[in-house]
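Numbering (my numbering), first residue to last: 522 to 1169.
See below for the structure under consideration.
Next up, the structure:
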């Protein structure tokens, strides 16, 4: 990885920014090349793969012009940009970086929120900060990383004896409240040293004189000088009112210096030691984490309908995350829907009334900013994005989730023009993710090269459906599903043959108006995931009746999600034999399968399993174990990531 770093100063002697030289060294250890653009270059001894370029122009406008010129001239020398504490760099060159598809990261730790920060936050791809209190602007781009304390440098020295004076460190400004440290020292009759420089020095000196306090103002110190103070002081006095975790507190702890603080949120640190800093705030942990994030692919999930409310319910534990397709298990992944790109814009009114295909075209520039698009629909949009990426030399790749591709093939195979278009679309994608081997075989028979195909088993939210408490034998047969491939006609014929009650949750389109429903069957429509989970919890067994594999409607792997959900809930399952089942389970060992369109066979299987508690328990245990081991959304997400080679 080649990295561009933008900062103020590169100088080990700088009392405020001297620490950042060690950051650059750590970046250089893990990057092929590091280029640093700064306002001032001082003393340093950086590795050979680091190039320092100070801006020499006078005046803000001239410097901005020089900086933009360098950003363009050096474009082949970096893959990503790390801006340290200066939103101005992002504002100046951010749009250029976006056009060049360079990833932009801003590190910012300050309570101030101004227009510059707001603009930079819009442009940057990600924002890093040390603690949740050190960045006050709300944005989903924010990642809290902890401070980067060089714990190899800031460490205890058993050869140095501690003395009796107190230490306060920080810029001499009102928010740091060094006046409180002076008053504390005066009350306790102990000497105080204050490290730092700033506009409050004269006022603080006068206060010390008035209180007859023994205070020594050390001014700005180098990192080495500051470390010596940490190693010799008796206590570190923290009186700052910035409301965030000051790194000087962690530096003191790293050197074994006890801390006394006025901040209730930081009181727990009074009991911590150097090990805490090494574990949670060390530079040696921070830099590899930053690089991993910068290297990680930019992933966008494109959904046919909005997932905003669904994602909120998933976060509250009110809904399974299955339909998010692993989105919430891929760090930094985002999502979009057709039409949302225009929200809040002048064109929103007109686009909302335009054909969906036209709405999709407005997404193309946004989609090309990502490395991978994961979509289960929008064949034409995927083709356009894939072709544009190739023509423009961009890294955007389309990952197509095949949910109903085999059904689409059966519908259009007899039409030469439609078939040719489908083949062109699918061949343009980076990978087609198949949920079963039968799907993959259908693609090959249709003319898609097998190397374009990836077989990844579906993952479901097994934890959501996992039951707790004593096992419930249940008093009914449960059946769930809104897929058009579900065969409720056969299920109802089955129910007429046996006396046991059936409880069904379906979509209204599954059961046409006027359908005769047996008296021992209760049907509810379009219920929540929580209600479906409750249905499983009190069922004796679950039956999923589907149409045969040649059906021209429904999804390719009809019943797949419901079978996995029911097994995760710890229930024995009977399902119609479909090709996908053989990829996932062993019939007779993990679940019972029956032939399609055979209500007599299904009735016999239900009756047998209803009566045989031992068999139910064996099937449920085997199926549940297999779901948790192989077919969860985190595993699905990891498999998707396995297809995404790092773009930089």
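Using N, Cα and C, we set each Cβ at its ideal position, and we do this for glycine too.
Any idea which residues DSSP pairs residue 715 with across the strands? 689 and 738
Roughly how many angstroms separate the alpha carbons of residue 658 and residue 1010, rounded to a whole number? 56 angstroms
Once the 5 residues before and after residue 711 are set aside, which same chain residues still bring their CB inside 7 angstroms of it? Within the same chain, residue 711 has close Cβ partners 685, 686 and 687.
Where DSSP assigns a beta bridge to residue 627, which residues make up the other side? Per DSSP, the beta-bridge partners of residue 627 are 604 and 648.
Our contact map puts residue 1144 next to residue 1106 with C-beta atoms below 8 angstroms; I'd like the distance itself, whole angstroms only. 7 angstroms
For residue 1064 and residue 1000, believed in contact at Cβ under 8 angstroms, the rounded distance: Correct: roughly 5 angstroms between the Cβ atoms.
Quick one: give me the first and last residue of the alpha helix (DSSP H) that residue 909 is part of. 900-913
Ordered along the chain, which non-local residues of its own chain (more than five positions away) have a Cβ less than 7 angstroms from that of residue 930? 963 and 967
Is the region 691-707 touching the region 756-772 in the sense that three or more CB pairs, one from each, lie closer than 8 angstroms? Taking 8 angstroms as the limit for Cβ pairs, the verdict is that the region 691-707 does touch the region 756-772.
From 705, 719, 741 and 751, residue whose alpha carbon lies closest to that of residue 734: 705
Would you say the region 549-558 touches the region 524-535, given that touching needs at least three Cβ pairs under 8 angstroms? At 8 angstroms Cβ cutoff, the stretches touch.
DSSP three-state label for residue 560, please. DSSP, reduced to helix, strand and coil, places residue 560 outside both helices and strands of the structure shown, so it counts as coil.
For a minimum of 3 consecutive residues, which ranges assigned as the beta strand (DSSP E) are wholly contained in the region 975-1012? 998-1002
Sequence ranges, alpha helix (DSSP H) only - wholly within the region 1024-1061, length at least 4: 1050-1058
Classify residue 754: buried if its beta carbon has 16 or more other beta carbons within 10 angstroms, exposed otherwise. Buried is the call here.
Which residues in the same chain as residue 719 place their Cβ atom closer than 6 angstroms to its Cβ, once the five residues preceding and following it in sequence are excluded? 692, 693 and 694
Less than 8 angstroms between the CB atoms is what I'm expecting for residue 776 and residue 748, so what's the real figure, rounded? By a beta-carbon distance limit of 8 angstroms, residue 776 contacts residue 748. Their separation comes to about 6 angstroms.
Look up residue 803 in the DSSP assignment and give the residues it is bridged to. Among the bridge pairs identified by DSSP, residue 803 is matched with 670.
Around the C-beta of residue 768, are 16 or more other C-beta atoms found within 10 angstroms, so that it is buried, or is it exposed? buried
Residue 575, DSSP secondary structure in three states: Reduced to three states, the DSSP call for residue 575 is strand.
Span of the alpha helix (DSSP H) holding residue 589? 581-594
Is the region 608-615 touching the region 580-591, taking contact as three or more C-beta pairs under 8 angstroms? yes
Could you say which of 987, 1083 and 1078 lies nearest to residue 1026 if we only look at CA atoms? Closest in alpha carbon position to residue 1026, among 987, 1083 and 1078, is 1083.
Just the C-alpha distance for residue 1003 and residue 1125, rounded to the nearest angstrom, thanks. 25 angstroms
Measuring CB atoms only, is the region 823-836 touching the region 784-794, in the sense that at least three cross pairs come out at less than 8 angstroms? no
If contact is defined by three or more beta carbon pairs under 8 angstroms, each pair taking one atom from either stretch, is the region 937-952 in contact with the region 891-911? By the C-beta criterion, the region 891-911 is judged to be in contact with the region 937-952, since at least 3 inter-stretch pairs fall below 8 angstroms.
Take every Cβ of the region 725-741, pair it with every Cβ of the region 623-632, and state whether three or more of those distances are shorter than 8 angstroms. no
For residue 924, does the count of other Cβ atoms within 10 angstroms reach 16, so buried, or fall short, so exposed? When all chains shown are included, residue 924 counts as buried.
C-alpha gap between residue 539 and residue 672, whole angstroms: Each residue's alpha carbon lies about 15 angstroms from the other.
Short of 8 angstroms in beta carbon distance, which residues of its chain neighbour residue 867, apart from the five on each side in sequence? Order them along the chain. Residue placement at residue 867 is flagged as unreliable, the pLDDT there being 47, under the threshold of 50; the coordinate-derived value follows with that caveat. None.
Take residue 702 and list the residues in its own chain whose beta-carbon comes closer than 8 angstroms to its own, dropping the five residues that flank it on each side. 687, 689, 713, 715, 758 and 760
Should residue 667 and residue 569 be called a contact, given that it needs their Cβ atoms to be closer than 8 angstroms? no
Have a look at residue 862 and residue 662 and give me their C-alpha separation to the nearest angstrom. With a pLDDT of 48 at residue 862, under the threshold of 50, the modelled position of this residue cannot be trusted; read the value that follows with caution. If you take the alpha carbons of residue 862 and residue 662, they lie about 18 angstroms apart.
Which residues mark the beginning and the end of the beta strand (DSSP E) in which residue 781 is found? In the DSSP assignment, residue 781 falls within the beta strand (DSSP E) that extends over 780-782.
Going by DSSP, what residue range makes up the alpha helix (DSSP H) through residue 706? 699-709
By the 10 Å Cβ neighbour count, where 16 or more other Cβ atoms means buried, how is residue 723 classified, buried or exposed? exposed
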